[in-house]
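Novice:
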Amino acid sequence: MSEVLAASHALLASGDARIGIIGLGYVGLPLVGVFHDAGLQVLGFDVDPGKIVDLAEGRSYLRHLGDDLAQRLSQSERFQATTDLSRLDEPDAIVVCVPTPLGDHQEPNLEYVVNTAKAIGAKLRAGQLVVLGSTTYPGTTRDVFQEAMMDVAASVGSQLKSGEDYFVAYSPEREDPGRSSHTMRDTPKLVGGVDRASTEIATSLFKRAIDRVVPVSSAEVAEAAKLLENIFRSVNIALVNEMKMILDKIGVNIWEVVEAASSKPYGFMSFYPGPGLGGHCIPIDPFYLSWKAKEIGCATRFIELAGEINTRMPEYVVDRVIYALNADGKAIRNSRILILGLAYKADVDDTRESPSFVLIERMASLGARVDYSDPHIPRTKRVRKYDLTLDSVALTASAISSYDAVVIATAHRAFDYGLIAENAAIIVDTRNAMGDFTDRIRGRLFQA
Ligand SMILES: NC(=O)c1ccc[n+]([C@@H]2O[C@H](COP(=O)([O-])OP(=O)(O)OC[C@H]3O[C@@H](n4cnc5c(N)ncnc54)[C@H](O)[C@@H]3O)[C@@H](O)[C@H]2O)c1
2 MSEVLAASHA LLASGDARIG IIGLGYVGLP LVGVFHDAGL QVLGFDVDPG
52 KIVDLAEGRS YLRHLGDDLA QRLSQSERFQ ATTDLSRLDE PDAIVVCVPT
102 PLGDHQEPNL EYVVNTAKAI GAKLRAGQLV VLGSTTYPGT TRDVFQEAMM
152 DVAASVGSQL KSGEDYFVAY SPEREDPGRS SHTMRDTPKL VGGVDRASTE
202 IATSLFKRAI DRVVPVSSAE VAEAAKLLEN IFRSVNIALV NEMKMILDKI
252 GVNIWEVVEA ASSKPYGFMS FYPGPGLGGH CIPIDPFYLS WKAKEIGCAT
302 RFIELAGEIN TRMPEYVVDR VIYALNADGK AIRNSRILIL GLAYKADVDD
352 TRESPSFVLI ERMASLGARV DYSDPHIPRT KRVRKYDLTL DSVALTASAI
402 SSYDAVVIAT AHRAFDYGLI AENAAIIVDT RNAMGDFTDR IRGRLFQA
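Numbering-wise (the working numbering), the sequence shown opens with residue 2 and increments by one.
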């Protein structure tokens, strides 16, 4: 064992290590919280100066996390945040949580990962552990991230050796914003290094803050495991969406069917239908694997088929709205429609890739006048493909009754479903949110 390796191992296992987190978003900020709450010193980096100011002043820019974390961090001597990437030589371990979006042709966009790798490479010093946490295809950590980092390190004269002088690992995030059943601390964490020493050192680091760390034999295994988890979700959601479309036609409620099937104590796992996929992960990550597969001449039929079905779901919901209006003697053109929920899932204010945008755009293109109501999103913000500049409608009895149809796209707990049941002319429900009121609204309720 090299001296550097022994010293780094001892430092990271001791709890005296300083941790740097790059990218203080949905994943990076809770990770700061977990390390900080485990008693470590944390230095947060982000290119967005607004986030740094918010954190210094104790304001949370991620609603679902609440203000408590931001306030604790702002008052702590063990936390600082900065935009200054020249301070990247200060932490003993760095975890990278920058975005991994898709490009215009569904290809991986590793621009943020590569820029971060270069910034780290410019300041890399002996003993540092660098962990990539962004979701990506197998091979990225070694072939893209480490290479970009070491090209820059070499250009500034570094002769550090991997696994002896510095360490690199991949450790995927399993953050699920808004989930209350698990915390980042009690969610097991996979760790795979580019070499054995890196796996061991990264495992020691995460053990300081996470209850269960699961080391695997390589960075590639950890990268592929993360993609398997998300592709598994995408494929199963597509399956249940397909079943929903069939069962709707024969008048059987898919939600009751899933509930019934879930009474089997083994071999079945519940997935629920919806108006389409949203969020930063499930609609995007599978395409990282399909891109890699194409590069090596392999097909990814499950991924493509699931993508096709899930992408079609908003179209299906629009068809159901047309059907429901027709049953009420109305055409969609000139109808007033209220979409309930702009966030892609319940109780969060995250609108990334939300199918609600597709619903609004599609129904507006058919001549409907479409509004939305979302207690967590008072006004639409510009997202990747949409800039709607709409304000959320306050959900009062008179507002609800002024629409020809309401479409429940997101089942926020904050919605008053009783009020909706009482006042809506037609309810198109993509989330089974009206289950308790079915008898009262028979004839006005349409599953979609
Ligand atoms: N959001 C989730 O629920 C979730 C769950 C699991 C995994 N992931 C993965 O984690 C990664 C991060 O996702 P996220 O949702 O936290 O993204 P995010 O957009 O919320 O946060 C990313 C942050 O990185 C910052 N950033 C971008 N480039 C930077 C740079 N060069 N240096 C410093 N900061 C930079 C951005 O300003 C932003 O604050 C992605 O790969 C994503 O797929 C996300």
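Quick reminder that beta carbons are idealized off the backbone N, C-alpha and C, glycines included.
Is it the case that the CB of Val28 approaches a heavy atom of ligand 1 more closely than 6 Å?
Specialist: The answer is yes for Val28.
Novice: Pull up the distance between the alpha-carbon of Asp105 and that of Leu111, whole angstroms please.
Specialist: Approximately 13 Å between the Cα atoms of the pair.
Novice: Near Ser3, which residues of its chain fall below 6 Å by C-beta distance, leaving aside the five closest residues on each side in sequence?
Specialist: So the list reads Glu165, once near-sequence residues are dropped.
Novice: Going by beta-carbon coordinates alone, are Glu434 and Ile401 separated by less than 7 Å?
Specialist: Just to set this straight, residue 434 is Ala in the shown sequence, not Glu. No; because the gap between Cβ atoms is not below 7 Å, this pair is not in contact.
Novice: Is Ile23 near ligand 1, with its Cβ less than 6 Å from a heavy atom?
Specialist: Yes; taking the cut-off as 6 Å, the Cβ of Ile23 has a heavy atom of ligand 1 nearer than that.
Novice: Report the residue from Arg380, Ala210, Asp152, Gln147 whose alpha carbon sits nearest the alpha carbon of Gly1.
Specialist: In the structure as shown, the chain begins at 2 and stops at 449. Residue 1 is therefore absent and cannot be evaluated.
Novice: Please determine, among Val192, Glu176, Glu230, Gly308, the residue with the shortest C-alpha to C-alpha distance to Ser219.
Specialist: The candidate whose alpha carbon is nearest that of Ser219 is Val192.
Novice: Cutting at 6 Å between CB atoms, please list the residues of its own chain near Thr117, excluding the five before and the five after it.
Specialist: Ile23, Val97, Val99.
Novice: In terms of residues, what are the limits of the alpha helix (DSSP H) holding Pro287?
Specialist: 286 to 296 is the span of the alpha helix (DSSP H), which, as asked, contains Pro287.
Novice: Check whether the Cβ of Ser135 lies closer than 6 Å to any heavy atom of ligand 1, and answer yes or no.
Specialist: For ligand 1, at least one heavy atom lies less than 6 Å from the Cβ of Ser135.
Novice: Report yes or no: do the segment 343 to 350 and the segment 362 to 377 share at least 3 C-beta pairs separated by less than 8 Å?
Specialist: They touch, by the three-pair rule.
Novice: Kindly indicate which three-state DSSP category Ser374 falls into: helix, strand or coil?
Specialist: Strand at Ser374.
Novice: Which of helix, strand or coil does DSSP assign to Leu446?
Specialist: Strand at Leu446.
Novice: CA-CA distance, Leu229 and Met150?
Specialist: Taking the straight line from one Cα to the other gives about 27 Å.
Novice: What are the boundary residues of the alpha helix (DSSP H) that Ala426 is part of?
Specialist: Neither: Ala426 is in no alpha helix (DSSP H) and is coded neither H nor E.
Novice: Considering only the beta carbon of each residue, do Leu326 and Ile333 sit closer than 7 Å?
Specialist: Yes, Cβ-Cβ distance for Leu326 and Ile333 is below 7 Å.
Novice: Can you list, in chain order, the stretches of the beta strand (DSSP E) that have 3 or more residues and sit fully within the segment 69 to 127?
Specialist: Segments of the beta strand (DSSP E) lying fully in the segment 69 to 127: 80 to 83, 94 to 97.
Novice: Using three-state DSSP, classify Asp392 as helix, strand or coil.
Specialist: Strand, per DSSP.
Novice: Taking all protein chains shown into account, do 16 or more other C-beta atoms lie within 10 angstroms of the C-beta of Phe269, making it buried, or fewer, making it exposed?
Specialist: Exposed is the call here.
Novice: Any chance the CB of Pro178 is under 6 Å from a heavy atom of ligand 1?
Specialist: Yes.
Novice: Of the residues Pro92, Phe36, Ile95, which one's Cα is nearest the Cα of Ile70?
Specialist: Per the sequence presented here, residue 70 reads as Leu, with Ile not at that position. Looking at the Cα atoms, Phe36 is the closest of the given residues.
Novice: Just to confirm the assignment, what range does the alpha helix (DSSP H) spanning Tyr324 have?
Specialist: Segment 302 to 328, the alpha helix (DSSP H) holding Tyr324.
Novice: By DSSP's criteria, Phe46 is part of a beta bridge. Which residues make up the other side?
Specialist: Beta-bridge pairing links Phe46 to Ile23, Thr83.
Novice: When the distance is taken between beta carbons, is Val132 closer than 7 Å to Ser181?
Specialist: Not a contact, by the Cβ cut-off of 7 Å.
Novice: DSSP state of Leu341, grouped into three classes?
Specialist: Note: Leu341 maps to strand in three-state DSSP.
Novice: Look up Arg380 in the DSSP assignment and give the residues it is bridged to.
Specialist: According to DSSP, Arg380 bridges with Asp392.
Novice: Just checking my contact of Thr84 with Ile121 at CB under 8 Å: how many whole Å lie between their CB atoms?
Specialist: Incorrect: roughly 15 Å between the Cβ atoms, too far for contact.
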